[in-house]
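Here the sequence shown stands for residues 1 to 326, where the numbers follow full-length UniProt numbering.
Note that beta-carbon positions come from the ideal geometry of N, C-alpha and C, so glycine has one too.
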Amino acid sequence: MAQMTMIQAIKDAMRVELQRDPNVVIFGEDVGKVGGVFRATEGLQAEFGEERVYDTPLAEAAIGGMAVGMATQGFRPIMEIQFVGFIYEAFDQIAVQAARMRYRSGGKYQAPITIRTPFGGGVKAAELHTDPLEGLLVQTPGIKVVVPSNPYDAKGLLISAIRDNDPVFFMEHLNLYRSFRAEVPEGEYTVPIGKANVVREGSDVTIITYGAMVHTSLKAAEEIEKTRGVKVEVIDLRTLMPLDTDTIVESIKKTNRAIVVQEAQKTSGIAAEVIAQINEKAILHLEAPVLRVAPPDTVYPFAQIEDQWLPNAAKIVAGLNKVLDF
């Protein structure tokens with residue numbers, strides 16, 4: 001089995017689908033000869049031609065509009081938005097057109113669009129290049145939201161996204177692109193959208209998280225086990241919409257305590273929704289209130305103070321101690 005970084009796994013997923021389905025096309029700013037701002041599509045235009053992998057003008061609204069139009073004509077567009085902060089320009093096409101396509105047309109038309117975009121902190125990027133906007137997206141009915149945390153999931157989830165008949169927002173964390181390698185199968189396989197993964201078994205408290213915070217949470221779990229001897233379960237949500245509440249509830253029934261870790265600002269984010277679901281479906285199994293570990297409700301900070309703003313292992317350990325000592 002090949003060892004791949006996450007960016008290599010993402011490119012491999014697109015190559016598999018370009019080979020399998022002639023209706024799959026890729027477009028965006030500099031995705032052709034250049035291979036995209038992070039080289040996720042490097043070599044794909046040379047392999048599949050300029051009619052399948054091609055550049056667009058610097059016009060995100062046009063990229064979104066093209067994706068909607070092509071999707072209604074039987075194509076499966078993969079549109080790349082260079083950084084998630086640029087999605088606002090295309091959001092009208094995504095939220096008002098693509099997300100409502102099936103409902104508005106009574107099922108006559110579908111919108112099998114995959115929207116790939118990098119996001120996430122820890123790399124000292126410029127303003128609008130890192131903002132975690134998943135909460136905004138999850139509140140838009142009709143869109144599925146996927147956030148992989150490792151190369152294996154990235155390839156399998158991206159193939160699932162491309163084959164999905166509804167728009168899927170595929171968020172790729174900048175800090176995970178080339179930070180480590182993992183085994184990734186050759187050829188096609190899928191990881192189901194809407195299914196979380198228990199990446200660390202535990203019995204005393206649960207951490208529920210996603211994206212790069214999976215790795216930060218695993219570090220925190222190891223630290224508190226050494227100092228306090230507690231067993232921490234860690235759930236990687238992998239998909240934020242639809243949310244796998246069954247896996248969350250099963251873990252709560254086992255550990256009776258939980259914290260939710262997110263990189264996005266605290267208010268009205270994924271953590272708030274996860275806690276609401278726990279309250280609705282498992283509150284009688286709780287022995288302490290579920291806490292959020294999240295940044296403050298400010299704009300994403302400049303690079304000089306990014307490390308102080310983001311959740312880290314020490315903040316997560318503090319949250320774990322708080323629910324354990326309640």
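Beta-bridge pairing of residue i - partner residues as DSSP gives them
i	result
residue 109	Paired residue(s): none; residue 109 is not in a bridge.
residue 169	115 and 145
residue 76	24
residue 54	27
residue 223	Bridge partners of residue 223: none, in fact.
residue 291	259
residue 87	Residue 87 pairs with nothing; no bridge assigned.
residue 241	145
residue 236	197 and 209
Residues near residue i in its chain [Cβ-Cβ closer than 6 Å; skip 5 each side]
i	result
residue 82	29 and 37
residue 148	154 and 157
residue 279	none
residue 86	60
residue 336	Nothing can be reported for residue 336, as the shown portion of the chain is limited to 1 through 326.
residue 25	52, 75 and 77
residue 94	64
residue 312	none
residue 202	231, 232 and 233
residue 190	156, 159 and 160
residue 98	68, 111, 113 and 167
Environment of residue i [buried if 16+ CB atoms lie within 10 Å]
i	result
residue 216	buried
residue 169	buried
residue 175	buried
residue 178	exposed
residue 34	exposed
residue 103	exposed
residue 27	buried
residue 255	buried
residue 112	buried
residue 246	exposed
residue 291	buried
residue 244	buried
residue 209	buried
residue 167	buried
residue 96	exposed
residue 228	exposed
residue 11	buried
Close beta carbons around residue i, own chain, < 8 Å, minus the five adjacent residues each side
i	result
residue 267	297
residue 3	181, 182, 183 and 184
residue 32	41, 45, 50, 53, 54 and 55
Reduced DSSP secondary structure (H/G/I, E/B, other) of residue i
i	result
residue 3	strand
residue 39	coil
residue 200	strand
residue 189	coil
residue 34	coil
residue 282	helix
residue 164	coil
residue 206	strand
residue 317	helix
residue 9	helix
residue 276	helix
residue 183	strand
residue 125	coil
residue 81	coil
residue 216	helix
residue 298	coil
residue 92	helix
residue 133	coil
C-beta contact flag for residue i and residue j at 8 Å
i	j	result
residue 109	residue 101	yes
residue 264	residue 118	no
residue 238	residue 146	yes
residue 159	residue 47	no
residue 43	residue 306	no
residue 316	residue 220	yes
residue 241	residue 138	yes
residue 1	residue 150	no
residue 214	residue 199	yes
residue 140	residue 300	no
residue 212	residue 173	yes
Spatial neighbours of residue i in its chain, beta-carbon cut-off 7 Å, leaving aside the 5 residues before and after
i	result
residue 282	249, 252 and 253
residue 230	204, 205, 224 and 324
residue 23	74, 75 and 76
residue 162	17, 24, 76, 78 and 114
Distance cut-off 7 Å: residue i Cβ against heavy atoms of the ligand MG
i	result
residue 60	The ligand content of the structure shown is nil, which means the ligand MG is not present either.
Contact with chain C by residue i, beta-carbon distance below 8 Å
i	result
residue 308	Here chain C cannot be found, since the structure has a single protein chain.
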